[in-house]
Amino acid sequence: MQTDDAARDRLMGRRVLITGGLGFIGSTLAIRLVEAGALVTLIDSLVPEYGGNIHNVAGIADRVRINISDVRDPFSFAHLVRDQEVLFNLAGQTSHMDSMTDPKTDLDINCAAQLSILEACRRHNPGVRLVFASTRQIYGRPRYLPVNEEHPLQPVDVNGVNKLAGENYHILYQQVHGIPTTVLRLTNVIGPRMRIRDARQTFVGIWIRNLIEGKPIEVWGGSQLRDLLDVEDCVDAFLMAAVNPAAVGQIYNVGSPESISLADLGREVVAANGGGEIITREYPADRKRIDIGDYCTDATKIAAEIGWTARTPLSRTLARCIDYYRAQIAHYT
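Residue numbering for the sequence shown follows my numbering, beginning at 32 and increasing consecutively.
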């Protein structure tokens, strides 16, 4: 892993809080932190639509504190954040379609709750080292590729608007109140523990579920480009940002330099599964209105400033996903 021995030493024995800690990225981060010797507390609402799954931490459940609560509750969060040294803020509503059909809930979680979290930090623990999970969705439809941090911000859905507001709150509180914060704009993260029940988190999850269950996968359109990031590489970025002083106050793209069309990605997933059927369909009209088109990440800034790069080949990530869900699918459907 890219997190070197010095980074592991700086995390050993430290009190770490993860919001969304039973979710896909949060649980993978928790496992790595426990391995590094950190004292980890997880917050998760376990609302069925949002991806939290107690099985995600089955191997470390006896070595973490788990608090089933909602980041929309300011009273419980104020208590939990008081003595923490590092806060990884990953809680969020990730479905773009849900944000369009239920914009108020998306506003509550991705915007209002973020402000509440920051207020709790300001009042009770302004020195907590904070790393916030943002998204490439805030860029909207790319005007050029690859997309760097200077690209205009023009979200195409309610989720992107609210995530941008949440990101802005984090940077504002860093600048005005001195809370040491880093923002990571994540691309399409995939790996074991991701949601496969539906496509609320990632379409790759439902593809993998269908293939394992002997069903065809649907590729909508097919020509759109995406870059996909292995969850372990993503976790490296969080850990490296948390221990590097140069990352304070910075916004970084976190993604793979390699892009792939959805059609080719479908073929890669089928190959990793050892076979399967692909059905190509026209992009649904309701989703096309909020689709961003082609996307590829420029992550040179985070590479130059703290040394992070994506390293895991897509084929290895897909193979690991297939193996994981063949063994664990009962816990995710």
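Cβ coordinates follow ideal geometry from the N, Cα and C atoms, glycine included.
Values in this document were obtained by computation on a predicted structure and should not be read as measured data.
### Task
Rounded to whole angstroms, what's the CA-CA distance from E244 to Q232? Just pull it up for me.
Walking along the sequence shown from the start, residue 244 turns up at place 213. Walking along the sequence shown from the start, residue 232 turns up at place 201. Those two C-alpha atoms are separated by around 19 Å.
#### Entry: For D261, three-class secondary structure by DSSP
Counting from 1 along the sequence shown, the entry for residue 261 is found at position 230. Of the three classes helix, strand and coil, the one that applies to D261 here is strand, per DSSP.
### Task
With distances taken Cα to Cα, identify the nearest neighbour of T196 among N241, V162, N141, R154.
If you number the sequence shown from 1, residue 196 lands on position 165. The sequence as given places Ala at residue 196; Thr does not occur at that position. Checked all of N241, V162, N141, R154; the closest Cα to A196 is N141.
### Query
Would a C-beta distance cut-off of 8 Å place Y363 and L256 closer than the cut-off?
To locate residue 363, count along the sequence shown from 1; it is residue 332. To locate residue 256, count along the sequence shown from 1; it is residue 225. No; because the gap between Cβ atoms is not below 8 Å, this pair is not in contact.
### Message
So for E249, helix, strand or coil by DSSP?
### Response
Reading the sequence shown from its first residue, position 218 is the one you call residue 249. Strand, per DSSP.
### Query
By DSSP, does Y356 sit in helix, in strand, or in coil?
Along the sequence shown, read from residue 1 onward, the residue named residue 356 stands at position 325. If DSSP states are grouped into helix, strand and coil, Y356 belongs with the helices.
#### Entry: Cβ separation of G286 and L260, assumed to be a contact under 8 Å, to the nearest whole Å
In the sequence shown, the residue the question calls residue 286 occupies position 255. In the sequence shown, the residue the question calls residue 260 occupies position 229. G286 to L260, Cβ: 5 Å. Contact.
### Message
Which runs of the alpha helix (DSSP H) at least 4 residues long sit entirely within the segment 204-243? Give them in chain order.
### Response
234-243
### Task
Measure how close the beta-carbons of N304 and L242 come, nearest whole angstrom, since I'm counting them as under 8 Å.
By one-based count along the sequence shown, residue 304 stands at place 273. By one-based count along the sequence shown, residue 242 stands at place 211. Contact holds; Cβ gap of about 4 Å.
### Message
By the three-class DSSP mapping on this structure, what secondary structure does R312 have?
### Response
Numbered from 1 along the sequence shown, position 281 holds the residue referred to as residue 312. Strand at R312.
### Message
My parser needs the beta strand (DSSP E) runs of 3 or more residues fully inside the segment 38-121; what are they?
### Response
46-50, 70-75, 95-99, 117-120
### Query
Sorted by chain position, which residues of the same chain lie with C-beta nearer than 6 Å to W251's C-beta, five sequence neighbours on each side aside?
Within the sequence shown, residue 251 is the residue found at index 220, counting from 1. Result list for W251: R312, Y314, in chain order.
#### Entry: Run of the alpha helix (DSSP H) containing I337, from where it starts to where it stops
Locating residue 337 in the sequence shown gives position 306, counting from the first residue. Run containing I337: 331-337, per the alpha helix (DSSP H) assignment.
### Message
Just to confirm, is the Cβ distance from V112 to L48 under 8 Å?
### Response
For this step, residue 112 is matched to residue 81 along the sequence shown. For this step, residue 48 is matched to residue 17 along the sequence shown. A contact, by the Cβ cut-off of 8 Å.
#### Entry: Segment limits, beta strand (DSSP E) that includes L149
Position 118 of the sequence shown holds residue 149. First-last for L149: 144-155, but that is the alpha helix (DSSP H), not the beta strand (DSSP E).
### Message
Could you tell me the alpha carbon to alpha carbon distance between N280 and G324, rounded to whole angstroms?
### Response
One-based indexing of the sequence shown puts residue 280 at position 249. One-based indexing of the sequence shown puts residue 324 at position 293. First, the amino acid is wrong: residue 280 is Gly here, not Asn. Computed Cα separation, rounded: 30 Å.
### Query
Contact between the segment 208-221 and the segment 77-84: three or more CB pairs below 8 Å?
no
### Query
Can you tell me where the beta strand (DSSP E) with A164 in it begins and where it stops?
Counted from its first residue, the sequence shown places residue 164 at position 133. Here the beta strand (DSSP E) through A164 covers 160-166.
#### Entry: Reference D267, options G44, G57, G51, closest by Cα
The residue labelled residue 267 in the question sits at position 236 within the sequence shown. That would be G57, whose Cα lies nearest to the Cα of D267.
#### Entry: Euclidean distance between Cα positions of P173 and D329
Within the sequence shown, the letter at position 142 stands for residue 173. Within the sequence shown, the letter at position 298 stands for residue 329. Distance between the alpha carbons of P173 and D329 is about 12 Å.
### Message
Taking DSSP's pairing of strands, which residues face N284 in a bridge?
### Response
Here residue 284 refers to the residue found at position 253 of the sequence shown. Answer by DSSP bridge pairing, in chain order: R216.
### Task
Can you tell me which of L349, D104, L149, R41 puts its alpha carbon nearest to the alpha carbon of R224?
Against the sequence shown, residue 224 aligns to sequence position 193. Answer by Cα proximity: L349.
### Message
Measuring alpha carbon to alpha carbon, tell me which residue in L345, P105, R45 is nearest G68.
### Response
For this step, residue 68 is matched to residue 37 along the sequence shown. G68 has its Cα closest to that of R45, out of L345, P105, R45.
### Among L73, L345, D188, nearest to S292 - alpha-carbon criterion
Numbered from its first residue, the sequence shown carries residue 292 at position 261. Nearest C-alpha to S292: L345.
### Task
Reducing DSSP to helix, strand and coil, say where L345 ends up.
By one-based count along the sequence shown, residue 345 stands at place 314. Three-state result, L345: helix.
### Message
Contact between the segment 153-160 and the segment 123-139 is defined here as three or more beta-carbon pairs at a separation below 8 Å; is this criterion met?
### Response
no
### Message
Assuming A303 is part of the alpha helix (DSSP H), what are its boundary residues?
### Response
For the purposes of this step, residue 303 is taken as the residue at position 272 of the sequence shown. Its alpha helix (DSSP H) spans residues 293-304.
### Message
Can you look up L256 in the DSSP assignment and give me helix, strand or coil?
### Response
Residue numbering aside, residue 256 sits at position 225 when the sequence shown is read from its first letter. Strand.
### Message
Quick check on DSSP: helix, strand or coil for M32?
### Response
Walking along the sequence shown from the start, residue 32 turns up at place 1. Per-residue confidence for M32 stands at a pLDDT of 43, beneath the threshold of 50, marking its modelled position as unreliable; no derived number is given.
### Task
Give the range of the alpha helix (DSSP H) segment to which S130 is assigned.
What you label residue 130 is simply residue 99 of the sequence shown in a count that begins at 1. Counting along the chain, the alpha helix (DSSP H) containing S130 begins and ends at 127-132.
### Task
Compute the Euclidean distance between the alpha carbons of W238 and G209, then round it to the nearest angstrom.
Translated into the one-based positions of the sequence shown, residue 238 becomes position 207. Translated into the one-based positions of the sequence shown, residue 209 becomes position 178. Each residue's Cα considered, the two are about 43 Å apart.
### Task
Report buried or exposed for T184, applying the criterion of at least 16 other Cβ atoms within 10 angstroms of its Cβ.
Against the sequence shown, residue 184 aligns to sequence position 153. Here residue 184 is Leu; the residue named in the question, Thr, does not match the sequence. With fewer than 16 Cβ atoms within 10 Å of its Cβ, L184 is classed as exposed.
### Query
For I321, which residues of its own chain have a beta-carbon under 7 Å away from its beta-carbon, when the five flanking residues on both sides are left out?
Residue numbering aside, residue 321 sits at position 290 when the sequence shown is read from its first letter. Counting only Cβ-Cβ distances below 7 Å, and skipping sequence neighbours, we find H127, M131, V187, D188.
### Message
Less than 6 Å between C-beta atoms, sequence neighbours within five positions excluded: which residues of the same chain meet that for D101?
### Response
Here the question's residue 101 lines up with position 70 in the sequence shown. These residues qualify, in order along the chain: S76.
### Message
By the three-class DSSP mapping on this structure, what secondary structure does T340 have?
### Response
As a first step, residue 340 is located in the sequence shown; it is residue number 309 there, counting from the start. The answer is coil: DSSP assigns T340 none of H, G, I, E or B.
#### Entry: Identity of the residue in R357, P177, R318, Y283 nearest D129 by Cα
For the purposes of this step, residue 129 is taken as residue 98 along the sequence shown, with counting starting at 1. Nearest C-alpha to D129: R318.
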